[in-house]
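If you read the sequences in order, they're chains B and F. Going by the numbering used here, the first sequence opens with residue 1, and the numbers climb by one from there. Going by the numbering used here, the second sequence opens with residue 1, and the numbers climb by one from there.
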Amino acid sequence: AAGVIQSPRHLIKEKRETATLKCYPIPRHDTVYWYQQGPGQDPQFLISFYEKMQSDKGSIPDRFSAQQFSDYHSELNMSSLELGDSALYFCASSQSGRTDTQYFGPGTRLTVL
Amino acid sequence: GESVGLHLPTLSVQEGDNSIINCAYSNSASDYFIWYKQESGKGPQFIIDIRSNMDKRQGQRVTVLLNKTVKHLSLQIAATQPGDSAVYFCAENPLAGGADGLTFGKGTHLIIQP
Numbered sequence: 001a002a003g004v005i006q007s008p009r010h011l012i013k014e015k016r017e018t019a020t021l022k023c024y025p026i027p028r029h030d031t032v033y034w035y036q037q038g039p040g041q042d043p044q045f046l047i048s049f050y051e052k053m054q055s056d057k058g059s060i061p062d063r064f065s066a067q068q069f070s071d072y073h074s075e076l077n078m079s080s081l082e083l084g085d086s087a088l089y090f091c092a093s094s095q096s097g098r099t100d101t102q103y104f105g106p107g108t109r110l111t112v113l
Numbered sequence: 001g002e003s004v005g006l007h008l009p010t011l012s013v014q015e016g017d018n019s020i021i022n023c024a025y026s027n028s029a030s031d032y033f034i035w036y037k038q039e040s041g042k043g044p045q046f047i048i049d050i051r052s053n054m055d056k057r058q059g060q061r062v063t064v065l066l067n068k069t070v071k072h073l074s075l076q077i078a079a080t081q082p083g084d085s086a087v088y089f090c091a092e093n094p095l096a097g098g099a100d101g102l103t104f105g106k107g108t109h110l111i112i113q114p
């Protein structure tokens, strides 16, 4: 079965640079979620989108922004990167009206030097 | 603030034994609970879920129990196998049917001893 696709899988950036992470949800899933997971930590919810509109907002820094496009894929844009942004970033998707289950992608490991 | 937490950071069991992983939650309004399994370097993998109008749900080798009176959730894994070694997270969604983010508890690292 098709799963959530994230790219890139690994990303290395310098402080103050920008990064863009991409997420392609499971086919027919219309809702995407972004989570951040630091080393040894539980995933922290950042933001979600349903039908291209922001749905819920968690602990997303002002330096980060995200959007969902007409084909339902989503991008997380991160600017002025800090060392503390180094983490695993997961995207999850779900299908509204059918199930609440969020299915997670393999993640993007971001390292800020 | 509201949170979902786990009682033990590490649980070690013998292969073939049953294991029980516990979770306490504080948001009594939560409607939907999920257990995820996460292997090192991978994304959380859905195991089983339960809604607040149920107290038990069974899957293949796994059972989730929900006690709303004491706000407690548990995951039972029968006849554990080496492949069950992972970190297990419980998560809650306050409102079923919405596009809300999940609140995760602190993971429990399950170690299967040969």
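Heads up, the beta-carbon is just placed ideally off N, CA and C, and yes, glycines get one too.
For residue 43 of chain F, the C-beta contacts it makes with chain B under 7 Å involve 90, 104, 105, 106 and 107, in order along the chain.
Of the residues assessed, residue 43 of chain F falls on the buried side of the cut-off, its CB having 16 or more other CB atoms within 10 angstroms.
Only residues of its own chain outside the window of five on either side were considered, and among them 19, 81, 110, 111, 112 and 113 have a CB closer than 8 Å to the CB of residue 13 of chain B, listed in chain order.
Within the segment 21-35 of chain F, 32 and 34 place their CB atoms closer than 8 Å to a CB of chain B, listed in sequence order.
Take the alpha-carbon of residue 88 of chain B and the one of residue 51 of chain F: they are about 29 Å apart. A direct Cα-Cα distance of roughly 4 Å separates residue 109 of chain F from residue 87 of chain F. For residue 107 of chain F, the CB contacts under 8 Å within the same chain, skipping 5 residues up- and downstream, are 6, 9, 38, 87, 88 and 89 in chain order. Bridge partners of residue 12 of chain B according to DSSP: B/111. In this structure, residue 73 of chain B sits away from residue 39 of chain B, with a CB-CB distance that is not shorter than 8 Å. Beta-bridge analysis with DSSP links residue 56 of chain B to B/48.
Pairing residue 77 of chain F with residue 51 of chain B, the inter-Cα distance amounts to about 37 Å. In the pairwise beta carbon analysis, the segment 30-38 of chain B is classified as not touching the segment 19-26 of chain F: fewer than three pairs are separated by under 8 Å.
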